[in-house]
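Note sheet for the following structure.
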Amino acid sequence: MRAFFAFLIAPIPAAILLPLILHVRPLFGSQAAAFAATYVILLGLQVILGIPLRLTLARGERATLMAHALIGSAMYGVPSIGIAIWMAIRLGRYYDLTAQVIIAPVSYVIAGGVTGGLYWLLAGIGTPAQRQRKRIAALDADFG
């Protein structure tokens, strides 16, 4: 249950800061709508990319803060880099997109790292209490 709440809470700082950094307010009409849209997009990325990456890359002893930060960076960075390349190819001949093509993916990669680290912290994956619960569960299975 703790991991589920961490899953819902971890993208909130990114959903607040990304619309402010990228100035997307005129697209949505208000800052609250930009937050809601960004939050839903980030949750979707967590479901589509984050869960499979977490299941494959951060199992058992590999569930470290660094692993979760890298998973978060990849989870948000890969789609944003793809969109930036698409924008540069499609719209680059009409507009000067240098700043947007660089700032947006970097912002998403940093936000993903923060989200992954926050998930690790909130879910209590690497804390001593979590390790103790695993040891107790192993003892219960052995002697239970």
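Going by my numbering, the first residue of the sequence shown is number 40, and it counts up by one from there. Ideal Cβ positions, reconstructed from N, Cα and C, are used throughout, including at glycine.
Secondary structure at Arg-101: helix, using DSSP grouped into helix, strand and coil.
Boundaries of the alpha helix (DSSP H) harbouring Gln-70: 70-84, taken from the DSSP string. In this structure, Leu-160 places its C-beta atom within 9 Å of the C-beta atom of Leu-104. For Tyr-78, the closest C-alpha among the options Ala-102, Ala-49, Lys-173 and Ile-175 is that of Ala-49. Cβ-Cβ separation between Met-114 and Leu-84: approximately 6 Å, consistent with a contact (criterion under 8 Å). In the three-state scheme derived from DSSP, where H, G and I count as helix and E and B as strand, Pro-118 is classed as helix. A direct Cα-to-Cα measurement between Phe-46 and Ile-164 gives close to 12 Å.
Distance from the CA atom of Ser-112 to the CA atom of Ile-149, rounded to whole angstroms, is 6 Å.
Here Gly-68 is exposed. Its C-beta has fewer than 16 other C-beta atoms within 10 Å. The distance from the Cβ of Leu-61 to that of Ser-119 is about 10 Å, inconsistent with a contact at the 8 Å cut-off. Secondary structure at Pro-91: helix, using DSSP grouped into helix, strand and coil. The three-state reading of DSSP puts Pro-50 in coil, since its state is none of H, G, I, E or B.
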